[in-house]
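In the numbering used here, the protein residues as written are 233 to 303.
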């Protein structure tokens, strides 16, 4: 039997890939979303979670950014 999933190829640096793998392993989005771990910088993920994943990555970037204050 053949299983077909609509997916998206994601290219990222190794640190972001580790974050995505962590989200997948902990099922932080409610389910596993990585279909295939291709290499050090590429993942094939479910297309339906792309927008949710972009929001999560945006939140991470906001947490790790510091505002520039004017003097």
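Using N, Cα and C, we set each Cβ at its ideal position, and we do this for glycine too.
Close Cβ partners of residue i (< 7 angstroms) along its chain, the five nearest in sequence each way excluded
i, result
"residue 256", "264, 265 and 266"
As assigned by DSSP and simplified to three states, the class of residue i
i, result
"residue 236", "coil"
"residue 298", "coil"
Cα-Cα separation, residue i to residue j
i, j, result
"residue 243", "residue 258", "21 angstroms"
"residue 289", "residue 297", "12 angstroms"
"residue 293", "residue 254", "16 angstroms"
Exposed unless 16 or more other CB atoms sit within 10 angstroms - verdict on residue i
i, result
"residue 268", "exposed"
"residue 300", "exposed"
"residue 281", "buried"
Own chain partners of residue i with C-beta closer than 6 angstroms, once the 5 adjacent residues on each side are dropped
i, result
"residue 284", "261"
"residue 238", "279"
8 angstroms Cβ shell around residue i - same chain, five flanking residues per side excluded
i, result
"residue 272", "246 and 249"
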